[in-house]
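In what follows, a single structure is set out as structure tokens and then discussed.
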Amino acid sequence: MYTDRLLIIFILGTYLLSPAIIDWWSEGGRAWYRPYLIWLGLIALSYWIARSRSRDSDGL
Amino acid sequence: MAYSVGQLILIACGYLMFLFLVAWITERGWLPARLVRHPLVYVFSLGVYASAWAVYGTVGYAYQYGYNFLAYFLGISGVFLMAPVLLAPILRLTTTYQLGSLADIFAFRYRSRIAGALTTVMMVIGMLPLLSLQLKAVAESIQILTGEPDPSWVAFWFCLLITLFAILFGARHATARERHEGLVVAIATESLIKVAAFAAVAVLGLYGVFDGPQGLTQWLGQHPEMLSRLYAPLQDGSWHGLIMAFFVSAVVMPHMFYMAFTENLNPRALVSASWGLPLLFLGMALCVPIILWSALASNAPTSPDYFALGVGMATGQGALLGYLAGLAGASGMLIVATLALSGMCLNHLVLPASPLSAAQDLYRNLLWTRRVLIAAILALAYLFYRLAGWSHSSVELGVLTFVAALQFVPGLIGALFWPSGNRNGLFAGMIAGFTLWALALLLPILHAPWQIPRILGLIGLNDVQGVSQWNQVAIASIVFNGVIYAIVSIITPMSRSERTAAEACAVGSLRRPYRWELGAQTVDDFIHALSAPLGPVTAAREVEMALRDLRIKHSETRPYALRRLRDQLETNLSGLLGPSVSHQLMDDNLPYKPEEGESSEDIRFIESRLEQYRDKLSGLAAELDSLRRFHRQTLLELPIGVISLGADGEIIGWNRAMEALTDISDDDTIGSRLDHLPSPWGELLADFSRGETTHNPQRHLQVEGLSRWLSLHKSQIQSQVPNEQAGGQVIVLEDITDLRQMESHLAHNERLASIGRLAAGVAHEIGNPVTAIACLAQNLDGHSDAEEQQLSAAQIMEQTRRITRIVESLVTFSHSGGFRDTIHGPVDLRATVQEAIALLLLDPDHRLQHFDNLCGSGHEVVGDPQRLLQVFVNLLGNAADASDDESPIVIRSEDNGECIAIQVEDHGHGVPAELREALFEPFVTSKPPGRGTGLGLALVYSIIEDHHGAVRVQSPIDGVRGTRFIIELPRYGTTSASLQTE
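Protein chains in written order, with the numbering used here: chain A, 104 to 163; chain B, 3 to 984.
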């Protein structure tokens, strides 16, 4: 449960810090695909977490 | 244009027929179960989120609001990236309590029918713009491709078509217990077609318009305004509001809720969806700017909302792909959303308003009501389209629904994470937020001259101009809603049932159920009670189904099991009738008894829930759970029996020693009462539990003909809450039968030993005078000729011989016990018994006695042959004394592996009952005075004990007469080595 709460705080923090990310993304110029790269990174992280989670336990 | 309306409608029909075929094949079981339950199917079925708005609206949105369009895809991706935290608890709730919709969750969590009804009404109203958007999108795309001037009749026919297919797809079963596998696979296929067609449009644009990625980069270099148009809206501050709106509304949307939770075929697939669905939407989102730029570069002849069609039209190929993508998105969303909404209306509006009638077929009624509701909802969507939908853009209609969906978010967060949130807070918050939404967004769309009330200026909404400023309305309404929910929840009280439900729903907490006693005592009582509202056939079917789910027998009467049965029935009926109707039905027909004193927590149930929850515990909780397991195991493995009872006398603990002692498994005892245990345990334990004494050190019990001695203790369990009554009782039971037998043996041996010592002394003291008397009597006999004196002398000598015999037996008895010092070999039982018989036949009294020596040849025991001979002489002599000459005395032996049992059986008068207990004590005899010393059997006992054997007696053997002595002696060859070395 503590892990879940920490995760929520982390996500809330990311949400609040997102202006910095948006600034970086807006400065992309012709590299219009920058937001998709961040997105892909998140998916890779989620995939990794899902894999290690399913190795640790049988359920969610 | 090369297409006619008829052709495009036919394509729509063909497409829907194909989807239905997929569903039909799946339901017939022609597709392998592995494929149907594959996580990929689940991921694609969740693609239903991408409706026609994703295909058409997002491109228009990107044109108007630049990169903000990403929020639509990123919002839902964010939700699924956090699926283990956000969605898993909802899935747990929906599967545990058979909750099929958000309204079900609210009605269950806030224990209120009104909460369910209010949520349903708001959801239907809030969804109408998005439903009408789908009709509009298909109708307008047909209009664009064909040049048809009036799309409204196309929308009408499409609406009819969808009604038919929605009924075919989802309203063929009445209960949510049966998942619609066909629907899931069909919707997954729909998503696959949609994504493939949408991607094909993008690829067509990329290669047809730009000649590949390099051409696109070059074009962007030549038109930098295209990129700045994409980036500029990011800086206007609406991004946060947008992402939040799409993030939170993604879960509460009925079609998403339905596919993600209600139709979830494989709970573990949620883990795959946590990365699979974001990946799917990443692909779709990547297509949006490419389609936008392709359409702009090729001067597509459509409005930006329909650029997905425009690209194909401008390049002259593939316009149908855009149409197919839009059609797939619209039809999938319409079917699933209508099914979900019809279920909500049925459970929360129709059923609570119209009482169930036992006379009618419940399942059939439910099915038809649901079909009518599907038609009614789609008719309302069409009505909304005719009233306002046709005149507003897809973006406006979509946003209207997303902001409405936001109004359910505070209630849902409260349900999952805040057990103090109550129904009053929910009503107040939802009504406030929804009113704000209706005043600021819905009414301006439905009625153009509508002016936003000035009072809304107090919360900063005075300059809102309809949907264009929706961002402000979204933020204001959700903040308003959330704050009111929190404040009202804090200041108003909460009912007990609501608190229980809140604990059941809260993430990270385990439901702590209380044990109340049910009025129904048997399974048949359940069927009888439910027959009134459901009809006897349905009632019996539902009860049998619940019994099967719980693997409980029909004959079950334990209160614990009956409570579980009630819970399971409520859960199952909840899938059929919705949680509020189901809860009310159970309360009315299977009520708990009025409470007497405090009810106690159902510890057994908590334990079983903790067992299921084990994998999910971490940190301190996991440590505490390990500690709990350790204590529990200690109690279970304790070598003395422990029973713990709840305050109401229900058995909540029954350890392994109890199982071994009573031969009753804990599965049969937990949850029942002591009175219900089989005899003699029930009477014994119930009397002791009720009695005032806390300790009964020696309690005799006859169990299946065997004598048992038990030591019982009991103690009250102190309540964990101060100033409350005792929490229950613990009874400790120890089997002391072995100890009692050992004590008895010790006492007996001690008595024999002291008698032996006494006998030795007496024999010594009497021996000398008797010898002297015998000498004198001989002298008297020799010296006197008188016949009378000679006779007297002879009698004196006869009496002295008798005294000498008695003294000799005393001496023999006192000398027994020297066995341990001698070395023993094998003793052939048959030969020894035969020798004893031969000796006895020398006695004139026994000369005519018939003996049957049936001892097995080769049966050898460890022992002293002379002393064992003495044993048999004594036993056979006693038997001969008790028997008539005609009745034979039978001696048998039997090899029992470790030992050999010898039986000496006669059919004489038997042993009197009063002597049986003390038969092996010295000086106890059934013979007339002067015939026996009473030392024979004591000597037998002593010799057999010395041989590490046992002797017991059974009398009578045929109910009236006869005696059987059974001697068990260690078999030679198995234990001789160990005995000889002792």
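Just so it is clear, CB atoms sit at the ideal spot from N, CA and C, and this is done for glycine as well.
For the beta strand (DSSP E) that residue i lies in, which residues bound it at each end?
| i | result |
| --- | --- |
| B/PRO828 | 827–830 |
| B/HIS702 | 697–705 |
| B/ILE493 | Run containing B/ILE493: none in the beta strand (DSSP E); it sits in the alpha helix (DSSP H), 472–493. |
| B/SER717 | 708–719 |
| B/THR965 | 965–972 |
| B/GLU2 | With chain B running from 3 to 984 in the structure shown, residue 2 of chain B is simply not present. |
| B/ALA952 | 952–956 |
Taking buried to mean at least 16 other C-beta atoms within 10 Å of its own C-beta, is residue i buried or exposed?
| i | result |
| --- | --- |
| B/MET261 | buried |
| B/VAL81 | buried |
| A/TYR136 | exposed |
| B/GLU192 | buried |
| B/LEU10 | buried |
| B/VAL397 | buried |
| B/THR965 | buried |
| B/ALA881 | buried |
| A/SER155 | exposed |
| B/HIS702 | exposed |
| B/GLY820 | Because the pLDDT of B/GLY820 is 47, which lies under 50, any placement of that residue in the model is unreliable, and the question is left without a value. |
| B/ILE189 | buried |
| B/LYS555 | exposed |
| B/MET19 | exposed |
| B/ARG822 | Below a pLDDT of 50, predicted positions are generally treated as unreliable, and B/ARG822, at 48, falls in that range; the measurement from the model is reported next regardless. By the neighbour-count rule (16 or more Cβ atoms within 10 Å), B/ARG822 is not buried but exposed. |
| B/GLN570 | buried |
| B/ILE893 | buried |
| B/GLN982 | Note that B/GLN982 scores a pLDDT of 44, beneath 50, so its modelled location is shaky; the value from the coordinates is reported in the next line. Under this definition B/GLN982 is an exposed residue. |
| B/GLN635 | exposed |
Just to check my reading of the structure: residue i and residue j have Cβ atoms closer than 8 Å, yes? What is that Cβ distance to the nearest angstrom?
| i | j | result |
| --- | --- | --- |
| B/LEU244 | B/ALA73 | 4 Å |
| A/ALA123 | B/VAL273 | About 31 Å separates the two Cβ atoms, so there is no contact after all. |
| B/PHE436 | B/MET124 | 5 Å |
| B/LEU712 | B/ASP737 | 6 Å |
| B/ASP328 | B/VAL140 | Per the sequence presented here, residue 328 of chain B reads as Gly, with Asp not at that position. Correct: roughly 7 Å between the Cβ atoms. |
| B/LEU484 | B/GLY431 | Looking at the sequence shown, residue 484 of chain B is not Leu but Gly. Correct: roughly 7 Å between the Cβ atoms. |
| B/SER103 | B/ALA271 | B/SER103 to B/ALA271, Cβ: 20 Å. No contact. |
| B/VAL43 | B/VAL187 | 6 Å |
| B/ALA417 | B/ARG111 | 4 Å |
| B/ALA659 | B/ILE642 | 6 Å |
Comparing alpha-carbon positions, which option in the options lies nearest residue i?
| i | options | result |
| --- | --- | --- |
| B/PRO354 | B/LEU579, B/GLN801 and B/GLY910 | B/LEU579 |
| B/PHE967 | B/LEU206, B/GLY912, B/GLU916 and B/PHE925 | B/GLY912 |
| B/ARG498 | B/THR165, B/GLY423 and B/ASN268 | B/GLY423 |
| B/GLY827 | B/ALA903, B/VAL186 and B/ARG973 | B/ARG973 |
| B/ASP960 | B/LEU971, B/GLY938, B/GLU907 and B/GLY975 | B/GLU907 |
| B/LEU850 | B/ARG742, B/GLU888, B/ALA488 and B/VAL583 | B/GLU888 |
| B/GLY345 | B/PHE259, B/LEU428 and B/ALA302 | B/PHE259 |
| B/LEU647 | B/GLN720, B/SER582, B/VAL352 and B/SER584 | B/GLN720 |
| B/PRO561 | B/ALA297, B/VAL197, B/ARG675 and B/GLN319 | B/ARG675 |
| B/ALA25 | B/TYR17, B/GLU183 and B/LEU536 | B/GLU183 |
Kindly indicate the opening and closing residues of the alpha helix (DSSP H) around residue i.
| i | result |
| --- | --- |
| B/HIS633 | 621–639 |
| B/ASP363 | From DSSP, B/ASP363 is part of no alpha helix (DSSP H); its letter is neither H nor E. |
| B/HIS40 | That residue, B/HIS40, is in no alpha helix (DSSP H); it is neither H nor E in DSSP. |
| B/GLN851 | Segment: none, B/GLN851 is in no alpha helix (DSSP H) and carries neither H nor E. |
| B/ASP908 | Counting along the chain, B/ASP908 falls outside any alpha helix (DSSP H), though it belongs to the beta strand (DSSP E) covering 901–908. |
| B/SER646 | Element bounds for B/SER646: not the alpha helix (DSSP H) but the beta strand (DSSP E), 643–648. |
| B/ASP737 | Element bounds for B/ASP737: not the alpha helix (DSSP H) but the beta strand (DSSP E), 730–737. |
| B/GLY128 | 115–148 |
Under 8 Å, CB to CB, which of the residues in the region 269–288 of chain B have a partner in chain C?
In summary, chain C is missing from the structure at hand, where the protein chains are A and B.
If contact is defined by three or more beta carbon pairs under 8 Å, each pair taking one atom from either stretch, is the region 399–413 of chain B in contact with the region 128–140 of chain B?
Touching, yes.
Under 8 Å, with one C-beta from each stretch per pair, do the region 302–318 of chain B and the region 140–158 of chain B reach the 3-pair mark?
Yes: the two stretches touch, three or more of their Cβ pairs being nearer than 8 Å.
May I ask you to verify whether the region 854–867 of chain B touches the region 797–816 of chain B, counting CB pairs closer than 8 Å and requiring at least 3?
The region 854–867 of chain B vs the region 797–816 of chain B: no contact.
Three or more C-beta pairs below 8 Å linking the region 688–706 of chain B and the region 746–753 of chain B
A contact is defined here as three or more CB-CB pairs under 8 Å, and the region 688–706 of chain B fails this definition with respect to the region 746–753 of chain B.
Okay, do the region 289–300 of chain B and the region 53–65 of chain B touch, 3+ Cβ pairs below 8 Å being the bar?
The region 289–300 of chain B vs the region 53–65 of chain B: in contact.
Are three or more beta carbon pairs between the region 442–450 of chain B and the region 369–379 of chain B nearer than 8 Å?
Below 8 Å, too few C-beta pairs join the region 442–450 of chain B and the region 369–379 of chain B to call them touching: fewer than three.
If contact is defined by three or more beta carbon pairs under 8 Å, each pair taking one atom from either stretch, is the region 208–221 of chain B in contact with the region 80–94 of chain B?
No: fewer than three Cβ pairs fall under 8 Å.
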